[in-house]
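Protein chains in written order, with this note's numbering: chain A, 93 to 609; chain B, 110 to 374. Even glycine gets a Cβ: it sits at the ideal position worked out from N, Cα and C. Each remark here refers to the structure printed beneath this line.
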Amino acid sequence: MNRLPFAPVLRRSLPAALAGLGLALVLSALHSSKSPASAQPSVDGKSIYLERCAFCHGENGDGNGPVARYLNPRPRNFTLGQFRFRTTASGELPLREDVITIVKQGVRGTAMPRWEGVLSEAEVEAVVDYLTTSFVPFWGTYDPPVIAIPDPPRVTAGMIEEGAIQFQELQCWKCHGEQGRGNGSSALSLTDETDRPIRPADLTKAWRYKGGSDLVSIYTRFSTGMDGTPMPSFYDVIDEEQRWALAAYVRSLQTGEPSGESVLQAAFTSQDLPTDPDDPLWDQADPTSYFLTGQVIVGPRWQTPGVDAVTARALYNSTNLALLIEWDDPFQDTQGGGIDVLPQAGTYVDLETFPQNVGPFADGLAVQMPAMLGEGVAKPYFAWGQPGNPVNLWVWHASDQVQEFIGTGLKTEPAAQANTNVAAGADWTDGRYRLILTRPLSTGDPDDIEVKPGQFIPIAFQAWDGSKGETGTRLSLSSWNNLVLEQPTPIAAYLYAGLAVLGVGAGEWWLYRRVRS
Amino acid sequence: MTRRLSLFWMVILTVIGVNLLLRLGVPYLSMLIAHRDAPLPVPGALMVIYQALTFIGVLVYLAADERRLQAFWQPIRSFIRGPQAIRTPLDRAIGYARWAVLGALPLLAGWAVYSSSLPATSAPTSLRIAHPTIPFEYQSLTNPFRNPDGTVDPAVIQEGRVLFQINCRPCHGTPANGEGPMAYGFRLRPANFSSEDTIATVIEAYAFWRVREGGIGLPSQGSPWDSAMPAWAGELSDEQIWKIIAAEYQTAGVEPRRPESAASE
């Protein structure tokens, strides 16, 4: 039988065809995962606005949709014509591009989502054109003066020093605090354009910068101000170089964001456990940071968490475990005594009727571990446990009381334990708490678990910021994380490693002898 | 001209190639094909099986032919024996490198054994089943607001949309993409309804079950202790929940799976 004439061609081109097929597969996968699902030929700004925006910003653009009463910060009221994030001079309307940028990127830490990837470019433009021309007074009647944003200079140590001087001279600390933790003396008396209280940003938390935490964004805020807030423009106050220096300094205040790491490693020490947060022994323990978020599990839910991150360290010796927990809280509230507004009807705390002058309540922090541990025992629910599978809560309040509780879910008041085996010592300095909690590894108390080296123990954190109205189930909470007490390296590890070295060495020698002979 | 690669290096390259494929190729390719955000690693047991198969394959290939075995051993043998004579500075350098390799091998083995016998410091991972079986009493429920042709009255959608934005948005996000302002704090991230592997793969009754009973109502293979999903029964009426579900599918831009009975008609 003759060979088919095209067989050689086929054989030569088969690899190329296979490669092409593979490429096409990959490209099609890439393509279909990137293209927005809602790309439609005809784009109607009004119907997108009514479907995607009106429940918060209102059908009339007055920032008063049915969801608005649950939000803080409130949705923008377009009819006031005041916009935070602009590239135009203070008090002016934004550019169309400025509004498009905010719609695409969203405002981090607020209810304004990122629409890029959800709406197409054309849809974003259409909805921006609809809302600006329909609701914003004087829109399109003049060209607002633009503040040019030059290329950023390279940040130097000298710039940061110069910025620190500006920070003092311009009295930024009056609102933002000496360390930038949003705890200045005026911080509690500030209001926005609607006379609602507003807090200055905690500049140490990069993720709390609503307009972006990079150098250019910070510089832009200084140059344009944030209309509708007490944050002024410094365009006419300090020159370009000084604004870059101040931006560089503010940026140097930022600390890292929690990494997502879950394990808190307790380091072993043969010494007594420190009772002072400044004790150098704490340097031996690696810090791990965790996000906290609002208690949105049982009603009335709380979506304005006062404490959004804690940093923990752990040390242990032969008898005790000590935790050092640090978190930002701009104002120290040691006394309870405010009226509690619970119970409130509704699934969420209604921030429209939630009294702004409620409280203050005492600040607090809780460490949570399972009340039972062992093979075959399921983890309890991460938020205060559940009936039948309780948690052990070490609840500290700023009145410097610590008490152990048994939690069986957010719907039941935690029950105080007969014995509290935890000791607490706290320090609040310039907007930051440092709390040390110490407990014996084994308490002998049937309500407590025994803490053993090498074991992964579920651990979670909850916090209350009293002056933000947090008490009871209006709290900030974390997911389950893991605490593990570092085990000293077992002798066996060295032994086996030595054996491996000797064994492989001997094998090489034997081979060498055999090959040579 | 190109010289044929020696058998020894071909074996080494084959083993490296198979490992690269298992550790990088397959995970990234399956990520693209399954539209995931992260690579899907090959399960440990499968990894061991594939590697053992490769090893056995190589052994069989080598052992099947005496000359092949000799060809494979040749570079190893000459390496262990060392250079016959040192003539150039290059020979000397190769000689030193040979001693360095011979010295490093036992140390590498020792290090590998040491680090594998250290106590674990990374959190134990738990396998989680994203979609455990729907309880019997929910199986046959249907959304009373969905018309036989699959549509829902726009007024109902509008009502459900507002309820969704008030109650579900803080975690699941305004566009229902799982990126609400509360989501960052939860290790078990709120579901992204606009992805193809959440509500698009289940019937509406399944979503109704999850909304009513919440995370704490999951069976243990769904790790109920990590889920922040509230149990909404008692706070939202069944009617409100059905309206929310209709609006949720519409907001996310996906369709519910049709029940088996309806699909087979």
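Residue i classed as buried or exposed, judged by whether at least 16 other C-beta atoms fall within 10 angstroms
| i | result |
| --- | --- |
| B/H240 | exposed |
| A/R178 | buried |
| B/D335 | buried |
| B/R176 | exposed |
| B/Y205 | exposed |
| B/Q359 | buried |
| B/K352 | buried |
| A/Y234 | exposed |
| B/H144 | exposed |
| A/A584 | exposed |
| A/E496 | buried |
| A/Q509 | buried |
| A/P462 | buried |
| A/Q387 | buried |
| A/L113 | Confidence in A/L113 is poor, its pLDDT being 49 and thus under 50, which makes the residue's placement unreliable; the coordinate value appears in the next sentence. Classification for A/L113: exposed. |
| B/W118 | exposed |
| B/F164 | exposed |
| A/K302 | buried |
| A/D519 | exposed |
| A/H123 | Residue placement at A/H123 cannot be trusted, given a pLDDT of 46 that sits under 50; what the coordinates show is reported in the next sentence. A/H123 is exposed by the Cβ-count criterion. |
| A/D420 | buried |
Closer than 7 Å at the beta carbon, the chain A residues around residue i
| i | result |
| --- | --- |
| B/G291 | It is worth fixing the name first, because residue 291 of chain B is Met in this sequence and not Gly. Chain A residues near B/M291: T385, G386, V388, Q395. |
| B/A232 | S354, V355, F548, N574 |
| B/I189 | L603, Y604, V607 |
| B/V222 | Y588, A589, A592 |
| B/N286 | V210 |
| B/E344 | G391, T439 |
Contact list for residue i against chain B, beta-carbon separation under 7 Å
| i | result |
| --- | --- |
| A/E253 | Correct list: empty, because the minimum Cβ distance to chain B is about 34 Å. |
| A/V220 | Correct list: empty, because the minimum Cβ distance to chain B is about 16 Å. |
| A/K471 | W334 |
| A/T581 | L227 |
Three-state secondary structure assigned by DSSP to residue i
| i | result |
| --- | --- |
| A/D331 | coil |
| A/A358 | strand |
| A/I498 | strand |
| A/L345 | coil |
| A/R103 | Annotation note: pLDDT 48 at A/R103 (below 50); position unreliable, coordinate value reported separately. Here A/R103 sits in helix by DSSP. |
| B/V210 | helix |
| B/H240 | coil |
| B/I312 | coil |
| A/K471 | coil |
| A/I389 | coil |
| A/Q427 | coil |
| B/N128 | helix |
| A/S281 | helix |
| A/G595 | helix |
| A/S381 | strand |
| A/D519 | strand |
| A/M323 | coil |
| B/D200 | helix |
| A/D243 | coil |
| B/I195 | coil |
| A/Q263 | coil |
| A/P128 | With a pLDDT of 46 at A/P128, under the threshold of 50, the predicted position of this residue should be treated as unreliable, though the coordinate-derived value follows. Of the three classes helix, strand and coil, the one that applies to A/P128 here is coil, per DSSP. |
| B/V167 | helix |
Under 9 Å from the C-beta of residue i: neighbouring residues of chain B
| i | result |
| --- | --- |
| A/G466 | The premise fails here: A/G466 is roughly 14 Å from chain B at the closest Cβ pair, so nothing lies under 9 Å. |
Chain B residues whose Cβ lies nearer than 8 Å to that of residue i
| i | result |
| --- | --- |
| A/E600 | I189, L211, L214, P215 |
| A/Y162 | I275 |
Residues that residue i contacts on chain A, provided the C-beta gap is smaller than 9 Å
| i | result |
| --- | --- |
| B/S139 | Chain A residues near B/S139: none, gap ~10 Å exceeds 9 Å. |
| B/I243 | The premise fails here: B/I243 is roughly 21 Å from chain A at the closest Cβ pair, so nothing lies under 9 Å. |
| B/R321 | Here the premise fails: no neighbours, minimum Cβ distance about 14 Å. |
| B/V271 | F147, G157, P158, V159 |
Residue i Cβ short of 6 Å to the ligand ADP heavy atom set
| i | result |
| --- | --- |
| A/G272 | Among the components of this structure there are no ligands whatsoever, and the ligand ADP is therefore not found. |
Beta-carbon neighbours of residue i, restricted to chain A and to distances below 8 Å
| i | result |
| --- | --- |
| B/F295 | T385, S571 |
Problem set entry | Sequence ranges, alpha helix (DSSP H) only - wholly within the segment 181-220 of chain A, length at least 4 | 188-197
For this session: Pair every Cβ in the segment 366-376 of chain A with every Cβ in the segment 481-492 of chain A, then say whether three or more of these pairs are closer than 8 Å.
Result: no
Exercise. Quick one: any contact between the segment 550-557 of chain A and the segment 389-402 of chain A, if contact means 3 or more CB pairs under 8 Å?
Worked result: Verdict: yes, contact present.
Exercise. Can you give, in chain order, each stretch of the beta strand (DSSP E) that sits fully within the segment 535-587 of chain A and has at least 3 residues?
Worked result: Complete beta strand (DSSP E) runs here, min 3: 548-556, 573-577.
For this session: Report yes or no: do three or more beta-carbon pairs, one from the segment 264-277 of chain A and one from the segment 290-299 of chain A, lie closer than 8 Å?
Result: Segments in contact, yes.
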